[in-house]
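To keep things clear, I will list the structure first and then write my remarks on it.
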Amino acid sequence: MNELGFTTEMIIGRDVGVNFALVSELAKQIGLDIKLDAALGTLTTYRVGGKSKIEVIVRQNEDLGLISQIVNQIDGLGLLVLGNGSNVLVSDDGYPGLVVRLSDNYAYEKFNDDVVEIGGSRALPIAARRIATKALAGFEWAVGVPGALGGAVRMNAGGHGSEISESLICANIYDFEQPSLGLSEISNNMLGLKYRHSVVTPTQIVINAKFRFKFGQKDDSLDKISRIVTWRRENQPGGQNAGSVFVNPPGLSAGKIIEDAGLKGSSYRTATVSAKHANFIQAQPEGCARDVHELMAIIRDTVMQKFGVRLRTEIRLVGFCDDYGLTSSEDY
Ligand SMILES: Cc1cc2nc3c(=O)[nH]c(=O)nc-3n(C[C@H](O)[C@H](O)[C@H](O)COP(=O)(O)OP(=O)(O)OC[C@H]3O[C@@H](n4cnc5c(N)ncnc54)[C@H](O)[C@@H]3O)c2cc1C
């Protein structure tokens, strides 16, 4: 019997491993806001893919310790921290584990002169506009990135010549596998922030982060934001996609190589290489994750055959049994 009162027989189902109904029941007993068979694919910007077995919403910091009890007591329980789902592709079979999301209680900015604390679930475009309105400069670029702050720190998101690492002071992070550490303030230089990379692990959640911006002119920042929004509309497709599929190989543009390989505008069943930006794959309302996934593999193989360049995915793949070797090295 473990700390939560689960016996091994209760936790491990006969054929399928974790008994999620029971986990859900017991999680509710300890006070968590938990849901079985929760929407997942539809929460992502691809808007394709299946459900998660179980989902929990973090309403307050106290929930973190409770989630940690579940994660550490139940063998084989996979964990996915989800932000705005703008950089993930969820398999049509869904995710056979626990999805953790921050509630809107973490969607905020707190201003203190040139220092701004941004909550982990705050959408970057909203943060960018609010920060500009306070006449602080340096976050305008973020208006074009449809992620939430936590995912942006994890990915070291960036654009228009800037990225998270440039203004980040520190992030508050909780590790579900190391609850004894509590919430840890990790400074910028300890986060290993590189191009679309950080050392934040799949068992860690970014709760909020502090940034230092430059004092500037509100109108200049708002003008810059308008220009970025216009540029995005003209150069990137809307609809169901998750931005750049592949990271740029050193010294090269993934979009340009895919275009040079003749793939721009081409389709595989319901998935299409965008005619506007070749590093974007568009899904369709009646489409499926499998088609997006297979198109990724076709692009990767075609570029390898034509140019000998190996493309690595920026998109995180969730719940795929066979990843076709489409490694982002951080898939779930
Ligand atoms: C139209 C479009 C344009 C885009 N343009 C850009 C761009 O210019 N630059 C750019 O960098 N990206 C871009 N992206 C990709 C994406 O918006 C970013 O990677 C964004 O930072 C992902 O944030 P998210 O909250 O959606 O994360 P998710 O997609 O939900 O998750 C991405 C990764 O972060 C982890 N994660 C999510 N939240 C947290 C958290 N709170 N704590 C710890 N880990 C977490 C997840 O487990 C996963 O590994 C674009 C996407 C779209 C759809």
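The opening position of the sequence shown corresponds to residue 0 in numbering that gives the first Met the number 0, with each subsequent residue numbered one higher.
Using N, Cα and C, we set each Cβ at its ideal position, and we do this for glycine too.
Margin query: Comparing C-alpha positions only, which one of 262, 289 and 151 sits nearest to residue 279?
Written below: 262
Exercise for the section: Could you have a look at residue 19 and say whether DSSP puts it in helix, strand or coil? Expected result: helix
Margin query: Suppose contacts are defined by Cβ-Cβ distances below 8 Å. Is residue 99 in contact with residue 40 by that definition?
Written below: no
Close Cβ partners of residue 284 (< 8 Å) along its chain, the five nearest in sequence each way excluded
46 and 239
| task | Indicate, with yes or no, if ligand 1 has a heavy atom lying under 7 Å from the CB of residue 53. | result | no
- Message: Alpha carbons only, please: which of 172, 188 and 272 is nearest the one belonging to residue 166?
- Response: 188
Our contact map puts residue 129 next to residue 106 with C-beta atoms below 8 Å; I'd like the distance itself, whole angstroms only. Going by Cβ atoms, the distance from residue 129 to residue 106 rounds to 11 Å, so no, they are not a contact pair.
| The beta strand (DSSP E) enclosing residue 248, as first and last residue numbers | Unbroken run through residue 248: none, as it is neither H nor E.
### Message
By DSSP's criteria, residue 266 is part of a beta bridge. Which residues make up the other side?
### Response
271
Self-check item: Cβ pair residue 145, residue 44 closer than 8 Å
Solution: yes
query: Taking the C-alpha atoms as reference points, what is the distance between residue 192 and residue 234?
result: 27 Å
Quiz prompt | Delimiting residues of the alpha helix (DSSP H) encompassing residue 172 | solution = That residue, residue 172, is in no alpha helix (DSSP H); its beta strand (DSSP E) goes 167-174.
What's the C-alpha gap between residue 252 and residue 116? 33 Å
**Q.** Own chain, CB closer than 7 Å to residue 153, minus 5 neighbours either side, in chain order
**A.** 197, 199 and 205
Name the DSSP bridge partner or partners of residue 281?
271
Task: Which residues DSSP lists as bridging residue 214, in chain order - done: 135
Terminal residues of the continuous alpha helix (DSSP H) containing residue 305? 288-306
For residue 74, which residues in the same chain have their Cβ closer than 6 Å to its Cβ, ignoring the five residues on either side in sequence?
none
Checklist entry - Does DSSP put residue 50 in a helix, in a strand, or in coil? => result coil
- Task: Would you check if there are 3 or more beta carbon pairs closer than 8 Å linking the stretch 177-184 to the stretch 153-163?
- Result: no
### Task
Give a yes or no on whether 8 Å exceeds the smallest Cβ distance from residue 213 to chain D.
Included in the structure is just one protein chain, with no chain D present.
To the nearest angstrom, how far is the alpha carbon of residue 30 from that of residue 21?
14 Å
> Does the beta-carbon distance from residue 317 to residue 79 come in below 8 Å?
Replying inline: yes
Please work out which residues of its chain come closer than 6 Å, Cβ to Cβ, to residue 269, disregarding the five sequence neighbours upstream and downstream, and give them in chain order. 283, 286 and 290
- Task: Assuming residue 77 contacts residue 96 (C-beta within less than 8 Å), just tell me the rounded distance between them.
- Result: 3 Å
- For ligand 1, is there a heavy atom less than 7 Å away from the beta-carbon of residue 58? no
Three-state class that DSSP yields for residue 206 in the structure shown: strand
Spatial neighbours of residue 71 within its chain, please: CB distance less than 8 Å, with the 5 preceding and 5 following residues excluded, ordered by chain position. 175, 176 and 178
- Task: Per DSSP, which residues does residue 109 bridge with? Please list them.
- Result: 116
Self-check item: 8 Å contact criterion, which residue 131 and residue 217 should meet: CB distance rounded
Solution: 7 Å
What does a CB cutoff of less than 7 Å around residue 224 pick up in its chain, not counting 5 residues either side in sequence? 127, 128, 131, 139 and 142
- Within 7 Å: the Cβ of residue 101 and any heavy atom of ligand 1? yes
Counting along the chain, where does the beta strand (DSSP E) carrying residue 33 start and finish?
33-37
Review point. Which residue's Cα is closest to the Cα of residue 308: 23, 57, 250 and 190?
Key: 250
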